[in-house]
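Colleague: Encoded as structure tokens, here's the structure I'll be asking about.
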Amino acid sequence: MTTHDDIAKRMQRLADEVCPHESIADAVVDRLSERGNTPNRTLPYGSRLATWPSLQWAPVALAATVVFLAVLLGPFRISSQDGGDWLTSTSTAYGQVLTDALEKAVVKGVTFRETTVIVMSDGKHHTSSTVGKQFIARDRYRRDQYEGERLHSRQWYVPNNGGMVQTGLAYDTKTYTVLRHEGSFGDTDPIARLKFFVNLVDKADKRLANRKIDGVDCIGFEISASKYGDNPEDWKDRIWFDAETKLPVRMERERPRKETQFEAFIRVQDDFNWQPELPEDAFLPKIPEGFEQVER
Amino acid sequence: MRSDKELIAASLEQDRVAFGGLVRRYEKMVFATVVSILGDRHAAEDVVQDTFIAAYEHLPSLRRSEAFGPWLMQIARRNALRESRRRKRFRSLAEDVAAPVANGQLSEVSRDLLKGLNRLPEHERVAIMLRYFENLSVESIASVTGRTVGTVTKQLSRARTRLLNWLKETQK
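Quick note, the sequences are listed as chains S and Y, same order. If you use the working numbering, the first sequence corresponds to residues 28 to 323, in order. If you use the working numbering, the second sequence corresponds to residues 965 to 1136, in order.
In structure tokens, the structure reads:
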């Protein structure tokens, strides 16, 4: 080790060894969005959400959500599956379906799965061993995080005295945290994440080929992430809707990482269940015996 | 490429996507800073996210946009130290005997280099990490940090020299 060139090489190796190959930017932005954080509101470090993806149903937000979704999802219409005119300026097809479902209380909750797919340089796809599972109710939600089959952590978010109490279990350390958030989650209405994603359809670059996902006929769209931020052109987002119910079935965010040994990372949300049979205690925080409370 | 100043200004207007641009620009640097304290990549991930969340919330307190990188690293270091203290309380024997790679821990060479990076003056550290962790050109570093090309060139050269000297010292 005698030259500046050696330092350069070592630094590059260090970056490869130390840093994750997948950007956390989306996760951070998601967390900021779900929490409704603003740069003008100084919060203690411990009073923010600890998880990035969520759908969360606040009672007060329900009506607003219905209106919001109608507006948000309204301008789109999927034509028959012949690939014809799929985008118009007047249809409220998607939004109306979800609005109706909410008003009739057909949709009482949502569950879905989150995974990361790694596209290797040989084109093979590998799904990450970390799997998130979301359980969403009208005014509360729960997120379970698995490492393979092993439950790694669980978070509950439950309303309490005008605020929200976040209870988190960490199974590795046998510890738990309890945090109180004042007020609701601000602009994190029940469909906060879907909101953003579905809104992208308005700017879609192309309609994807019809596809059957888990036995469901789906209609999909793709958009370059450069259309909504300072992102490279080749970052792609995709969303597939159930052609019949017009509810989202699968969402993907693909992020090529050509400077690494991987071609791309794709964050996937799928396995949506819009009418899940949730046990009554699904949103009741339970601390296992022997777990120690820690501050965060 | 948008400068830090532009992205910060947009972030202050609650443009979270713009803040995402800052995250992408600095995440590796923050990650390395946190890992250098925790010595464990897996443990670092949450701390890195928390660092950016805190940075977003406290962005109005940043006086000069060109100081964003060093300011961010101060937050990262503080969060990492807090996490380190917390982890020490709960570290189990099983964790101690786990294989370093499986446990997300670093090689000795990497730890030495990280220690060297931590000894650099803040602006030199930001410059060299943007150069090699984010693969930015000297011109791009100058552009995003609001400094001149000449200043960045000097900072990089000094940083490399300091790192060389540090590594020679550790190898004795």
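By construction, the Cβ of each residue, glycine as well, lies at the ideal position given by its N, Cα and C atoms.
Taking only beta-carbon atoms, is S:Q182 less than 8 Å away from chain Y?
Modeller: Judged by the 8 Å Cβ criterion, S:Q182 is not in contact with chain Y.
Colleague: With 8 Å as the threshold, decide whether the Cβ of S:I34 is near any Cβ in chain Y.
Modeller: So, interface residue.
Colleague: By the criterion of Cβ-Cβ separation under 8 Å, what are the contact partners of Y:E1009 in chain S?
Modeller: Within chain S, the residues near Y:E1009 are P47, I51.
Colleague: Determine, using beta carbons only, whether S:D53 and S:R280 come nearer to each other than 8 Å.
Modeller: Cβ distance < 8 Å, so S:D53 and S:R280 count as in contact.
Colleague: Within its chain, find whatever has a CB closer than 8 Å to the CB of S:S155; leave out the 5 residues flanking it on each side and keep chain order.
Modeller: Excluding residues within five positions, the ones whose Cβ falls inside 8 Å are T142, T143, V144, I145.
Colleague: Within the same chain, show all residues whose beta-carbon is closer than 6 Å to that of Y:L1127, passing over the 5 residues directly before and after it, in chain order.
Modeller: These residues qualify, in order along the chain: G1080.
Colleague: Whose C-beta lies closer than 6 Å to the C-beta of Y:E1030 among residues of the same chain, with five residues either side of it excluded?
Modeller: Taken in chain order, the residues that qualify are T1109, G1110.
Colleague: Using DSSP bridges, identify the partner residues of S:P275.
Modeller: Beta-bridge pairing links S:P275 to S:F268.
Colleague: Please name the residue, chosen from S:Q296, S:V243, S:T194, S:D264, that lies closest to S:E319 on a Cα-to-Cα basis.
Modeller: Comparing Cα positions, the closest option is S:T194.
Colleague: Which class does S:S148 belong to by DSSP, given the choice of helix, strand or coil?
Modeller: Here S:S148 sits in coil by DSSP.
Colleague: For chain Y, check one thing: does any of its Cβ atoms lie closer than 8 Å to the Cβ of S:R170?
Modeller: Judged by the 8 Å Cβ criterion, S:R170 is not in contact with chain Y.
Colleague: Kindly identify the DSSP beta-bridge partner or partners of S:G175.
Modeller: The partner list for S:G175 (beta bridge, DSSP) is empty, contrary to what the question assumes.
Colleague: With distances taken between CB atoms, is the gap from S:I240 to S:R277 smaller than 8 Å?
Modeller: Yes, they are a contact pair.
Colleague: Determine the burial state of S:M147: buried for a count of at least 16 other Cβ atoms within 10 Å of its Cβ, exposed for fewer.
Modeller: Flag for S:M147 reads exposed.
Colleague: Would you list the residues sitting across from S:D207 in a DSSP beta bridge?
Modeller: In the sequence on display, residue 207 of chain S carries Arg and not Asp. S:V192, per the DSSP bridge assignment.
Colleague: From the DSSP output, which residues share a beta bridge with S:T154?
Modeller: Bridge partners of S:T154: S:V144.
Colleague: Taking Y:P1034 as the reference, give the member of Y:E1103, Y:E1088, Y:T1115 with the closest Cα.
Modeller: Nearest option by C-alpha distance: Y:E1088.
Colleague: Note down the Cα distance separating S:T200 from S:P186, rounded to an integer number of angstroms.
Modeller: Their Cα atoms are separated by approximately 26 Å.
Colleague: Looking only at DSSP bridge pairs, what is S:F292 linked to?
Modeller: Answer is S:I145, S:R282.
Colleague: Taking C-beta to C-beta, are S:C46 and Y:A996 nearer than 8 Å?
Modeller: Yes. Within cutoff.
Colleague: Less than 8 Å between the beta carbons of S:Q172 and S:F139, yes or no?
Modeller: No. Outside cutoff.
Colleague: Identify whether Y:I1017 lies in helix, strand or coil by the three-state DSSP scheme.
Modeller: Y:I1017 falls in the helix class under three-state DSSP.
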